[in-house]
Amino acid sequence: MRNLLARKPDTVVLLLAAYFVISFIVRLLVPNGLRVDESQQAFFSQWLVAGYDTQPPLYNWFQAIVVSAFGLSVVTIAAAKNLILFFLFLSYYKLAKLVLDDRLFAAIATLSLLAIPQVFWQAQRDLTHTVAQMLMINLLLYSIIKTLKAPSLLSYVMIGVTLGLGMLTKYNFTLVVLAALVAVFLHPVGLKRLLDWRFLLSLAIAVLIFLPHGLWLIDNLSLAATRTLHTMAQEAPTGAFAKLIKGPTEFFGQVLVILAPLVAVYAIIFGKKFLRSLRPTTVWAHFFDTIFLVIGLQVLLLVFAIGITSMRDRWVLPLLFLMPIAFCLKMQARGIRAEDFAKRFFIVPLAVMIVVPSLVLVRAHAPTLFGRPEAYNAPYEEFISKIVAEEGKRPGLVVTDGWLASGNLRLQLPDVPTLCTFFGNLLVDYEWTAEKPILAVWLPSRETTTPPPELAEWIQQNLGPQYGTVTVKNTSIGYIGGRPQDQRLFGYAWIYPR
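Residue numbers (the UniProt record's numbering): 1 to 498.
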């Protein structure tokens, strides 16, 4: 395979297609417990609305459409994710070929994503909105660069479409847009392209695409922003000076965590030639460096302006994942020959393509080797089968206090409406009768005799004060593949109309 890639770089597309097909199959071979982001998508798939929570809705819409067409299952959850991942890598390769003269360097840049742990591990197991955002960043920059090189009505339309859709992936997409605008302005023909009347068409298209969610956002700004800002201010020190230090430290720490493995691989494979090539040398190298520099300045401005002290790598990843293209641009400009290093480099991504699916299978089927079970091993299927058989009834509504349980229970009961008190803005019609009672479920750390406060409040507000006391049951079920002591405790209550 290394020789084939070195001779025919375009083979990387077929390789990636095969890899994500294998990843899809591997997901079907592990137990059907859903991880956090998968569970959220299973839960949100009940609605096709202008807004859901703290994230824009593009990925939710995509998943809801897939589920409405093919039903809710692990198949539709995994197929949607791996399809987006494949298009992410495909668009990355197309973008790399647009600015790199050597297709072999474009293949190297694309497969370099598999040297970033947040891509080859987290993105395949958990990330949804972040993956969609990276895809749209690729498509936006591809449209922009095509317009800079050879402007056409279609290229300006594509800028508008990708800009509008990108704003529906994650709100920090704005940072990339502003950075790209500065990079275009500093490009030799950038100002001319910006003053073209067709750029107004791009903006109009973007506004129209974003408008439905934008109107929802105006009415739900507190819902969309408060939780995110609270998360980004977690564990903040009390002193003002300490906050100013912690924010930038967190950001640069995440930059180091994300890029260190990639830089290490490049330093080992390309040696001193890579380290000597880091200064910008071409128009496109300057273009990408400008994007990174402006993004960094914007992040630091946000840190100081609103007191951000905590950052997750999934938030920073879309701001940095284009770095392999920038590295390859500089090495190419310095006269480094890709064919001299390609075969050695391809060992790394090919090894990752073997190790990651294997590790996912081993962790899921032999969780005791890693100390504790995976989310995949959670026994939701056995729990539902057990309590439905005991009660002799199927619920008319399932209500929980957390979306991890909501999505997993929705997967087990796809024909039953599901609500989550965490998302009080999302409502659903349901039937409540003696034959279809309401099932309240929560995941306690120890046995309880009352529902959690959020569920108790929901019951009284929606069912009436006479339901202030409900009969609570607890049951422990072993994790799939776990040790006897690996138990998942469920609290639940069947609520019948009185």
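Note that the Cβ used here is the ideal one computed from N, Cα and C, for glycine as well.
Since we're looking at a predicted model, the values are computed, not measured.
Nearest to Y19 by CA position, among A69, A267, N82, is which residue? For the residues A69, A267, N82, the minimum Cα distance to Y19 belongs to N82.
Which residue's Cα is closest to the Cα of P188: F62, A434, V283? Among F62, A434, V283, the Cα nearest to that of P188 is on V283.
With distance defined between alpha-carbon atoms, name the residue in T169, G190, F185, L163 nearest to V177. Nearest of T169, G190, F185, L163 to V177, Cα basis: L163.
May I ask which residues mark the beginning and end of the alpha helix (DSSP H) holding F490? Segment 487-495 is the beta strand (DSSP E) holding F490; no alpha helix (DSSP H) there.
Sufficient close CB pairs (3 or more, under 8 Å) joining the segment 243-259 to the segment 73-87: With the cut-off at 8 Å, the segment 243-259 and the segment 73-87 do not touch.
So, for R410: in the same chain, excluding its five sequence neighbours on each side, which residues have a beta-carbon less than 6 Å away from its beta-carbon? Contacts found: A42, F43, T418.
Quick one: give me the first and last residue of the beta strand (DSSP E) that G214 is part of. Going by DSSP, G214 is part of no beta strand (DSSP E) but of the alpha helix (DSSP H) stretching over 197-219.
Alpha carbon to alpha carbon, how far is L135 from Q124? Give it in angstroms, no decimals. Q124 and L135: Cα-Cα distance of roughly 14 Å.
For the segment 92-102 against the segment 320-330, are there 3 or more C-beta pairs whose distance is under 8 Å? Flag = yes, the segment 92-102 and the segment 320-330 touch.
Can you give the Cα-Cα distance for F210 and R363, rounded to whole angstroms? Answer to the nearest angstrom: the Cα atoms are 41 Å apart.
Could you spell out where the beta strand (DSSP E) holding N32 opens and where it closes? Per DSSP, N32 lies in no beta strand (DSSP E) and is assigned neither H nor E.
Within the continuous beta strand (DSSP E) that includes W442, where are the two ends? Per DSSP, the continuous beta strand (DSSP E) segment holding W442 begins and ends at 438-442.
Nearest CA to the CA of L203: which residue from L140, I384, L223? Looking at L140, I384, L223, the one whose alpha-carbon comes closest to that of L203 is L140.
Using a Cβ-Cβ cut-off of 8 Å (strictly less than) and excluding sequence neighbours within five positions of S447, which residues of its own chain qualify? Residue identity check: residue 447 is Glu in the sequence provided, not Ser. Cβ within range, chain order: N474, L489, G491.
Spatial distance of residue 503 from D340 (CA atoms): For the chain, the structure presents residues 1 to 498; residue 503 sits outside this window and is missing.
How long is the line joining the alpha carbons of R7 and G214, rounded to whole angstroms? Going by the C-alpha atoms only, they are around 48 Å apart.
Going by other Cβ atoms of all chains shown within 10 Å of its Cβ, with 16 needed for buried, is Q63 buried or exposed? It is buried - the Cβ of Q63 has at least 16 other Cβ atoms within 10 Å.
If you draw a straight line from the alpha carbon of A180 to that of V294, how long is it in whole angstroms? Cα to Cα, A180 sits roughly 9 Å from V294.
Continuous alpha helix (DSSP H) stretch holding I306: start and end: It spans 283-306 - the alpha helix (DSSP H) in which I306 sits, taken as one unbroken run.
Quick one: what's C420 bridged to in DSSP? According to DSSP, which records beta bridges pairwise, C420 is partnered with T400.
Could you give the DSSP three-state label for G478: helix, strand or coil? Looking at G478 - three-state DSSP - the assignment turns out to be strand.
From D130 to W315, what does the alpha carbon distance come to, in whole angstroms? The question names Asp, yet the displayed sequence has Thr at residue 130. The straight-line gap from Cα to Cα measures roughly 7 Å.
Taking A375 and R35 to be in contact with their CB atoms under 8 Å, please state how far apart those CB atoms are, rounded to whole angstroms. Sure, about 5 Å apart at Cβ, within 8 Å.
Environment of residue 568 [buried if 16+ CB atoms lie within 10 Å]: Residue 568 lies beyond the residue range present for the chain, which begins at 1 and ends at 498; the question has no answer from this structure.
Going by alpha carbons, who is nearest to A456 out of L443, V470, P444, S445? Nearest C-alpha to A456 among L443, V470, P444, S445: V470.
Mind the definition here: the segment 104-123 touches the segment 351-361 only if three or more C-beta pairs lie below 8 Å; say whether that holds. With a cut-off of 8 Å, the segment 351-361 and the segment 104-123 count as touching, because enough Cβ pairs lie within range.
Decide yes or no for the touch test of the segment 298-309 against the segment 182-200: beta carbon pairs closer than 8 Å, at least 3 of them. Touching, no, given that fewer than three Cβ pairs across the two stretches are closer than 8 Å.
A224 to E250, Cα distance in whole Å? Near 23 Å, if we compare the C-alpha coordinates of E250 and A224.
May I have the straight-line CA-CA distance separating L317 from D101, to the nearest angstrom? When rounded, the distance between both Cα atoms is 26 Å.
Considering only residues of the same chain and omitting the five flanking positions on each side of P497, which have a CB-CB separation below 7 Å? Cβ neighbours of P497 beyond the five flanking positions: W432, T433, A434.
List, from N- to C-terminal side, the beta strand (DSSP E) runs of 3 residues or more that fit wholly inside the segment 75-161. Runs found: none.
Relative to the C-alpha of I387, which candidate in V119, G371, L413, T147 has its C-alpha closest? Closest by alpha carbon: L413.
Do you know offhand how far K393's Cα is from N462's? Note on geometry: alpha-carbon atoms of K393 and N462 lie some 21 Å from one another.
Does the beta-carbon of E38 have 16 or more other beta-carbons within 10 angstroms, so that it is buried, or is it exposed? Note on E38: 16 or more other CB atoms within 10 angstroms of its CB, so buried under the neighbour-count rule.
Output the distance between the C-alpha atoms of V356 and F120, rounded to the nearest integer angstrom. So the alpha carbons of these two residues sit roughly 8 Å apart.
With C-beta atoms as the reference, is residue 502 less than 8 Å away from Y479? Coverage of the chain is limited to positions 1 through 498, which leaves residue 502 absent and any answer about it impossible.
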